[in-house]
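Chemist:
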Amino acid sequence: MATRAPRPPRPELLLIALASLLGAAPAAAHLGHDVLRAERYLKIEVGDRGARFVVSLTLGPAEMGRILAKADADEDGEVSQAEADAYMADWGAGLATELPVTLDGDPVALQWGEAFFDPVGPVRPANGNVEMVAFLELDGGEHELRLADGMRLEVLERTDVRLATEGDVELLAAGPADTLGEGEPTTDFAFGNDSRQAPDAVGVRVRVPGMAAWQKLALAGGAVLAALIALLAWWRLRRAA
Numbered sequence: 111m112a113t114r115a116p117r118p119p120r121p122e123l124l125l126i127a128l129a130s131l132l133g134a135a136p137a138a139a140h141l142g143h144d145v146l147r148a149e150r151y152l153k154i155e156v157g158d159r160g161a162r163f164v165v166s167l168t169l170g171p172a173e174m175g176r177i178l179a180k181a182d183a184d185e186d187g188e189v190s191q192a193e194a195d196a197y198m199a200d201w202g203a204g205l206a207t208e209l210p211v212t213l214d215g216d217p218v219a220l221q222w223g224e225a226f227f228d229p230v231g232p233v234r235p236a237n238g239n240v241e242m243v244a245f246l247e248l249d250g251g252e253h254e255l256r257l258a259d260g261m262r263l264e265v266l267e268r269t270d271v272r273l274a275t276e277g278d279v280e281l282l283a284a285g286p287a288d289t290l291g292e293g294e295p296t297t298d299f300a301f302g303n304d305s306r307q308a309p310d311a312v313g314v315r316v317r318v319p320g321m322a323a324w325q326k327l328a329l330a331g332g333a334v335l336a337a338l339i340a341l342l343a344w345w346r347l348r349r350a351a
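Positions 111 to 351 (my numbering) are the ones given, in order, by the sequence shown.
1. With a Cβ-Cβ cutoff of 8 angstroms, do T289 and R256 count as a contact?
2. Smallest Cα separation from E193: which of A183, P229 and D200?
3. The alpha helix (DSSP H) spanning T212 covers which residue range?
4. Just to confirm my understanding: we take V314, look at its own chain, exclude 5 residues before and 5 after, and list those with CB closer than 6 angstroms. What are they?
5. Taking the runs of the beta strand (DSSP E) that are 3 residues or longer, which of them lie wholly in the stretch 205 to 253?
6. With a 10 Å radius around its C-beta and 16 neighbouring C-beta atoms as the bar for buried, classify A350 as buried or exposed.
7. What would DSSP say about E280, mapped onto helix, strand or coil?
8. By Cβ distance, which residues of its chain are closer than 7 angstroms to P229, with the 5 residues on each side in sequence left out?
9. Where does L347 fall in DSSP's three states?
10. Using a Cβ-Cβ cut-off of 8 angstroms (strictly less than) and excluding sequence neighbours within five positions of A219, which residues of its own chain qualify?
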C-alpha cells in the first residue's frame with residue numbers, strides 16, 4: 111500500500127516560526143505576555159491610500175487592574191499617560207512577532223502605534239480597553255494581505271474579525287487565510303480559544319485603484335528618457351549654431 115506523503119507546513123505557521131527565531135533574543139515582558147484573560151478584535155481595512163491594521167483587547171475589571179499594576183513603572187499606585195504610552199510601545203514592538211503580516215507573499219515590517227490605553231490613573235479594578243494600529247501604504251493593482259496569528263490564543267476568550275474595504279477599493283476575497291478565495295468573501299467572523307478551530311491567519315485580496323509599482327517606475331523612466339532626449343537635442347542645436 112502506498113504511503114501518503116507528509117503534508118507540507120502551512121506558510122502562516124512558517125512565518126510565525128521565522129519571526130520567533132528572528133526575535134529570539136531575550137526581550138522585556140509586554141502586555142501581550144501579561145494578559146491572562148481578554149476578548150480581542152482584529153481588523154484589516156484597505157482604502158485608496160493603503161491598509162490599516164487594528165488589534166484591540168477588552169479587559170474585565172480584575173484583568174485591567176492587573177495590567178494597570180504592570181504599567182505602573184514607578185510603583186506609585188498611579189499610571190500616568192507617559193507610563194501607559196511606554197508600556198504600549200513595548201507591546202507594539204512585540205506585535206511584530208505576534209501578528210506578522212505579508213504583502214503578496216513577502217513579509218513586511220509594520221510600525222504599530224496610535225496606542226490607546228484606557229483607563230489611566232489610579233491602579234484599581236476597572237473595565238478597560240487597549241488598542242494598537244498600524245498602516246501599510248499600497249500601490250495600485252491587485253494585492254493579497256495576510257495577518258498571521260501568533261498571539262496566545264488560550265487567554266483570548268473570543269476573537270472578532272472584521273475585514274473591509276473603503277473608497278474605490280474592490281474586495282476580491284476575504285476570510286481565514288486557508289480558505290481565501292473559496293466562495294464569497296467572509297468579512298465578519300469570530301472564533302474562540304480552541305486552536306483546532308481558530309485560523310492560523312486571516313487575509314484579504316483586493317484591487318486598489320491607481321498605478322502599480324512597475325507602472326510608476328515605467329513612467330518615471332519615461333520622464334527621465336524624455337529629458338535626456340530633449341537635452342541631447344538642445345546640445346546638437348548649440349553645436350550646429
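Note that the Cβ used here is the ideal one computed from N, Cα and C, for glycine as well.
Modeler: A quick look at the data gives this:
1. no
2. A183
3. No alpha helix (DSSP H) contains T212, which is instead part of the beta strand (DSSP E) from V211 to L213.
4. So the qualifying residues of the chain are I154, L255, L273 and A284.
5. For the stretch 205 to 253, whole beta strand (DSSP E) runs of length 3 or above, ordered along the chain, are 211 to 213, 216 to 218, 223 to 228 and 238 to 247.
6. exposed
7. E280 carries a strand assignment under DSSP once its states are collapsed to helix, strand and coil.
8. A236 and G238
9. helix
10. A206
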